[in-house]
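J.: Got a structure for you, questions after.
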Amino acid sequence: MLSLNGQDDAFAGLVAAKQFKQALNLCERKLKKTKNDEYLQAKRITILVLWPDEARRVQGVKELDALLNRKPPLSNVDALGELESVVKDPEISSKVQQLWLRAAASRPNDEKLHKIWFWAKITINRFGEAQQAAFQWRKNFSEQRPPHFLYILVTHLVSQQQAKNDTNKQVQRSLAYQNLKKSIDATQGKGLGKSAWAIATSEDLSLLVRIYREQGRYKEAFQFLDSMMSSAFRPGKENWEHSRQFIELASLTQHWKGLWEFCLGVLQDARRALMEPSNTSTHWGKLGDDWKAWDGLVKASTEIGSSEILGTTEAFINDFQAENLNSRNAYLALIKFYILETSARRGDQGHLVTAFREYLLNFSCKVICFQDIHHYLPYLTTQGHIELLKFAAQVSWDERSRSCSLEAKTVKWLTREINALKLDYNLVVSRNDDSLPKNLLPIFINNCLRLYHLSLHIGFDLPVSDRRPGDDAALLAAMGLIRLYNRDKEKSYANNIALFRSIVILENVLSNSKHNYDALLLLVRLYMYFGAGSLAIERYSRLSIKNMQHATISWALFAHMSTIHPQPTKFPSADGKSQTIVNPSEEIAQILQWYQTADALSTKSLNTMQENGLWNMCLDAFSTKLSISQNFIRHQLFVEGKRIQRFNASPPDVQSQAKVNIPPRTIDTMDKAAFPSFEAGSQPPFYNIIPAPSPAILDDKWLVREFKLSLLWDLLHDGSSLIDDSQLEAMAEESGFLQADNSESEPSLAVYALERLYRCYHGTTRGNITEYMERLLNCVESFLKVVLARDISHMRGRSVASFALSPDLSLPTWNTFHAQYTVLEMCQITVLSVNHMLAENRKKSLLDQAWLRTKAQGLLDLCKAISDEVNNAAGDLQESVQRSTATQEISQRVLAGTGNEESRDALGEQLRALGIEANVKIVCKTLQESWSEGLDGVVKTRFI
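Given below as structure tokens:
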């Protein structure tokens, strides 16, 4: 093969820049110097197939067909690998696979070719074709281990890609099972299984257990794992994970006696001082103090149900607690034991309440306390809840009375008090019970603020940390205020100020704990709700989001950022001596670049895992890789970034040169559990209570509409796009695009009509389409006159700027900016489409030119009038927000605390007691500046 000495980079750069003609010329010059070089021939085909021009593409397909029919067949692995760059096209994919099959048939003893074929397919998630490669590899090299287990692995992956009721799914599951059965036979020295296919490592065993379990073959998996762990063969005994698998499978197969004996043995060994597993047993020393073992012991004992087993289990747990006072698992196991026993016998809850009390007595001084027990709290009766609340308060009081003079014990006392408040929040405050007194929530908030106030005056000499011991008390107060805001459906002025107070408290937390994760995350969402995009960006920057967190948390800021604050913003740097400029478009580009890097790294790690026989890790890596490629957030960030480019008048495709791979369905990886939550088990998580920019529309239907907008924008500029039209149509069909209800479908219909008009001039439509095009134009006109006009009337009223603190003071929210930017966007895309139609119609005369000019001028005039209305409405609101009295009014409402006994605001008085008047003024001032900056961006956004 010809060595290109770096010329591959030149080819890639030209193709990425869509300079296909230059790339083809370079390739042909190289071909003249080296006749019939297979790699360059493949490179030429790749360029032609990727060329947007249909004639060139057809030429590329013909040359590929010629290569497919060539004798002898193509067997150059570099040339075959080059052709893999265009396999996203289904027509091309089947032809390239045939090339691989012919190459393998012509060189059956070339293991390198088989390996490269397999890796080329599996790294781009073409599992069906990788399965064919693995089958041929195993067929030609049957005495080797890797191809057999890789064939099983990829067959399992193929079965997971099939629909639940697909017949092929059952066939693939059966294939995976039969080949694992061959490995079992080879291990046991029977059947037709090759000796090289035997289960010889822990990874082999884990792969078998995982696939059997996912297929529901619990009994067979348990029996084989049991035989491996009880024999002299070591893989089942040398890995603690296999003990955990044994416990799970024994429970699933209801081998209660064996499960109970195994867990008891493991836990008995954990009482000793052994740190390493014994050479003569399956016990694991202190490692055995694992919740999985405790859970198995408790569940097995209650399922067996004999008084002897129950008595032995209860006595053992109590003895273990006495010997291991720091074992939280043992105390939690006793709680679960009494829950299951009480449920089975329908007895009283005396023992259960006692177990809770013992746990609180020993561990309520730990931050993790509430997280440990909150799953079990719903099993207590109301009387049990009352007793537990009383005891939690008594425990915290006793701790204070004993040890408030010592720093370490003071921290423990604070933690006990906070855990008592968390219990109060969970068992009382978070329950939507109309029978509870209305003043209960304000009293709870006041108690939290008093504790936080007290914690600020204790002189801690503690290591530098992201949070101080009393921060959670302030966090609970802020959460209580958010709940107070949401309590009444009819928002009152008094309840509206609760959100501002929540912000003030969280900002005060940050003044002492600059990187408190919970406070920052809540502030990001609250500031986004208020449309204060610049403040949300600054708080998000302090979270120091890295690596995989981009795939789970970045939506908290960037969802709707393009229609709240698309322009760059400045804020003081950490040292306060300079300014940091943050451009949302650049931030999104960096996150998308991380996704591309993660794709490449996951592919590299997969190859390493496969070479080292880490089959189970491979399945985990494939799951992660699939999550990265089909992540909803990734695609949401792409369309948000594209919209920001439009508002900032950036040229298309500067954000990324990588082709967008659009899956039929996305995967929701939003980590809503990252938000603090102490809600009762019967209540939704706290995230659902936080006011936020319209989360309900974040689905694949919304994503299709945004992709179509971005695609149309690209096509109107240079006739090509990074968005694959066929993939987008597959997502549209899967998501039910255009099947939404009422107003949700109105923007989708307008986008669809504009897209169809473009296709009329650039598609392959035949016949008389005049009437069809006229209907599409009328649809766009109707949308502009009815829908956008309606939105503008809202902008002039209070329904968009609807956050009222008094009869005379209404403030912006996210919807203020979102409504303005989306109206401007539809006007922008309509103007571009109409101008493009006029130009194309002069060439192709699909519509009467005079009629079209008249219609187009009407649409252009309408778009200009609407855009001017939006800009004027934003300017008027900006003047209102910039009033000097606005910040004074907000500050006064936040800190209000005067009045008689009946009307006085106790929460305002408590905030005053914190001494945060200066912070309140700063918060109000920064909010005012952020709103003004955001509205200034709307005023300056002019497309017409």
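Using UniProt numbering, the first residue of the sequence shown is number 1, and each one after it goes up by one. Heads up, the beta-carbon is just placed ideally off N, CA and C, and yes, glycines get one too. These numbers come from a predicted model, not from an experiment.
Out of N125, R244, L847, E203, state which residue places its alpha-carbon closest to the alpha-carbon of F222.
T.: Along the sequence shown, one-based indexing puts residue 222 at 222. That would be R244, whose Cα lies nearest to the Cα of F222.
J.: Does the segment 832-845 come close enough to the segment 914-925 that 3 or more CB-CB pairs lie under 8 Å?
T.: In short, these stretches do not touch, since the Cβ pair count stays below three.
J.: Thinking C-beta only, is H156 closer than 9 Å to E214?
T.: Residue 214 sits at position 214 when you count from the first residue of the sequence shown. Residue 156 sits at position 156 when you count from the first residue of the sequence shown. Closer than 9 Å, so yes.
J.: Thinking just about the alpha-carbon of each residue, which of S327, F149, Y595, D226 is nearest to the one in H242?
T.: The residue given as residue 242 occupies position 242 in the sequence shown. Closest option to H242, Cα to Cα, is D226.
J.: Can Q610 and L208 be called in contact, C-beta distance under 9 Å?
T.: Here residue 610 refers to the residue found at position 610 when the sequence shown is read from its first residue. Here residue 208 refers to the residue found at position 208 when the sequence shown is read from its first residue. Not a contact, by the Cβ cut-off of 9 Å.
J.: In or out: A315 buried (at least 16 other Cβ within 10 Å) or exposed?
T.: Stepping through the sequence shown from its first residue, residue 315 is reached at position 315. A315 is exposed by the Cβ-count criterion.
J.: Using only the alpha-carbon positions, how far apart do R145 and V266 sit?
T.: Sequence index remark: in the sequence shown, residue 145 carries index 145 (1-based). Sequence index remark: in the sequence shown, residue 266 carries index 266 (1-based). Each residue's alpha carbon lies about 34 Å from the other.
J.: Between the segment 539-551 and the segment 936-943, do three or more beta carbon pairs fall short of 8 Å?
T.: No: fewer than three Cβ pairs fall under 8 Å.
J.: Nearest-angstrom Cα distance between A906 and V524?
T.: In the sequence shown, counting from the first residue as 1, residue 906 sits at position 906. In the sequence shown, counting from the first residue as 1, residue 524 sits at position 524. Approximately 27 Å between the Cα atoms of the pair.
J.: Classify G288 as buried or exposed, calling it buried when 16 or more other Cβ atoms lie within 10 Å of its own Cβ.
T.: In the sequence shown, counting from the first residue as 1, residue 288 sits at position 288. G288 should be labelled buried.
J.: Which of the three DSSP states is assigned to L777 in this structure?
T.: For the purposes of this step, residue 777 is taken as the residue at position 777 of the sequence shown. Residue state, collapsed to three classes: helix.
J.: In chain order, what residues of the same chain have a beta carbon less than 7 Å from the beta carbon of T46, not counting five sequence neighbours either side?
T.: Counting from 1 along the sequence shown, the entry for residue 46 is found at position 46. E82, L83, S85, V86, listed in sequence order.
J.: Starting from A804, follow its DSSP beta bridges and name the residues at the other end.
T.: Here residue 804 is taken as the residue at index 804 of the sequence shown, counted from 1. Beta-bridge pairing links A804 to S810.
J.: Count the other CB atoms, across all protein chains shown, that sit within 10 Å of the CB of R234; report buried if there are 16 or more and exposed otherwise.
T.: Position 234 of the sequence shown, counted from the start, is the residue given in the question as residue 234. Note that R234 scores 48 on pLDDT, short of 50, meaning its location in the model is unreliable; the coordinates nonetheless yield the value given after this. Result: exposed.
J.: Less than 9 Å between the beta carbons of T918 and G908, yes or no?
T.: Along the sequence shown, read from residue 1 onward, the residue named residue 918 stands at position 918. Along the sequence shown, read from residue 1 onward, the residue named residue 908 stands at position 908. Sequence inspection shows Ala at residue 918; the Thr mentioned does not correspond to that position. In this structure, G908 does not lie closer than 9 Å to A918 by Cβ.
J.: Restricting to runs no shorter than 4 residues, where is the alpha helix (DSSP H) found entirely within the segment 119-175?
T.: DSSP runs (the alpha helix (DSSP H)) wholly in the segment 119-175: 127-140, 145-161.
J.: Give me, in chain order, the residues of the same chain whose beta-carbon lies closer than 7 Å to that of K18; leave out the 5 immediate sequence neighbours on both sides.
T.: Stepping through the sequence shown from its first residue, residue 18 is reached at position 18. Cβ within range, chain order: S720.
J.: So, for S930: in the same chain, excluding its five sequence neighbours on each side, which residues have a beta-carbon less than 6 Å away from its beta-carbon?
T.: Here residue 930 is taken as the residue at index 930 of the sequence shown, counted from 1. The residues are A532, S534, L535.
J.: Could you check what DSSP says for L927 in three-state terms: helix, strand or coil?
T.: For the purposes of this step, residue 927 is identified with residue 927 of the sequence shown, where counting begins at 1. L927: helix per DSSP, three-state reduction.
J.: Enumerate in chain order the residues of its own chain whose CB-to-CB distance from F135 is below 8 Å, with the five nearest sequence positions on each side excluded.
T.: Here residue 135 corresponds to residue number 135 of the sequence shown, with the count starting at 1. Once the five neighbours on either side are set aside, the close Cβ partners of F135 are Y151.
J.: Evaluate residue 945 with the Cβ neighbour count: other Cβ atoms within 10 Å of its Cβ, from every protein chain shown; 16 or more gives buried, anything less gives exposed.
T.: Residue 945 falls outside the range modelled here, since the chain spans only 1 to 944, and no answer is possible.
J.: Restricting to Cα atoms, I'd like to know which of E220, E303, S327 is closest to R271.
T.: In the sequence shown, the residue the question calls residue 271 occupies position 271. Taking only the C-alpha atoms, the option nearest R271 is S327.
J.: Assuming G384 and V353 make a contact with CB atoms under 8 Å, what is their CB distance in whole Å?
T.: Walking along the sequence shown from the start, residue 384 turns up at place 384. Walking along the sequence shown from the start, residue 353 turns up at place 353. 5 Å between Cβ atoms; contact.
J.: Does the beta-carbon distance from L505 to L520 come in below 9 Å?
T.: Numbered from its first residue, the sequence shown carries residue 505 at position 505. Numbered from its first residue, the sequence shown carries residue 520 at position 520. Rather than Leu, the amino acid found at residue 505 in this sequence is Ile. No, the pair does not count as a contact, with Cβ atoms beyond the cut-off.
J.: Quick one: Cα of H453 to Cα of R665, how far?
T.: Reading the sequence shown from its first residue, position 453 is the one you call residue 453. Reading the sequence shown from its first residue, position 665 is the one you call residue 665. Cα to Cα, the separation comes out at about 49 Å.
J.: Thinking C-beta only, is A598 closer than 9 Å to I564?
T.: Taking the first residue of the sequence shown as 1, we reach residue 564 at position 564. Taking the first residue of the sequence shown as 1, we reach residue 598 at position 598. No, the pair does not count as a contact, with Cβ atoms beyond the cut-off.
J.: So, for I335: in the same chain, excluding its five sequence neighbours on each side, which residues have a beta-carbon less than 8 Å away from its beta-carbon?
T.: Locating residue 335 in the sequence shown gives position 335, counting from the first residue. Within the same chain, I335 has close Cβ partners L352, A355, F356, Y359, I373, Y376.
J.: From D936 to N871, what distance separates their C-alpha atoms?
T.: As a first step, residue 936 is located in the sequence shown; it is residue number 936 there, counting from the start. As a first step, residue 871 is located in the sequence shown; it is residue number 871 there, counting from the start. So the alpha carbons of these two residues sit roughly 9 Å apart.
J.: Taking DSSP's pairing of strands, which residues face I723 in a bridge?
T.: The count along the sequence shown starts at 1 and reaches residue 723 at position 723. Looking at the DSSP assignment, I723 forms a beta bridge with V660.
J.: Please state whether DSSP places P90 in a helix, a strand or coil.
T.: Here residue 90 corresponds to residue number 90 of the sequence shown, with the count starting at 1. P90 falls in the helix class under three-state DSSP.
J.: So, with DSSP's three-state summary, where would you put Q579?
T.: For this step, residue 579 is matched to residue 579 along the sequence shown. If DSSP states are grouped into helix, strand and coil, Q579 belongs with the strands.
J.: Is it buried or exposed, Q321, if we count other Cβ atoms within 10 angstroms and call 16 or more buried?
T.: Along the sequence shown, read from residue 1 onward, the residue named residue 321 stands at position 321. That one is buried.
J.: So, L703 versus F632, is the Cβ gap smaller than 9 Å?
T.: Locating residue 703 in the sequence shown gives position 703, counting from the first residue. Locating residue 632 in the sequence shown gives position 632, counting from the first residue. It is a contact, given that the beta carbons lie within the stated cut-off.
J.: Apart from the five residues on each side of it in sequence, which residues of its chain come closer than 8 Å, Cβ to Cβ, to A12?
T.: Here the question's residue 12 lines up with position 12 in the sequence shown. The answer is none, since no qualifying residue turns up.
J.: Determine the DSSP secondary structure at I690, reduced to helix, strand or coil.
T.: By 1-based counting over the sequence shown, the position of residue 690 is 690. In this structure, I690 counts as coil in the three-state DSSP scheme.
J.: Short of 7 Å in beta carbon distance, which residues of its chain neighbour S605, apart from the five on each side in sequence? Order them along the chain.
T.: Against the sequence shown, residue 605 aligns to sequence position 605. Here the set comprises A621.
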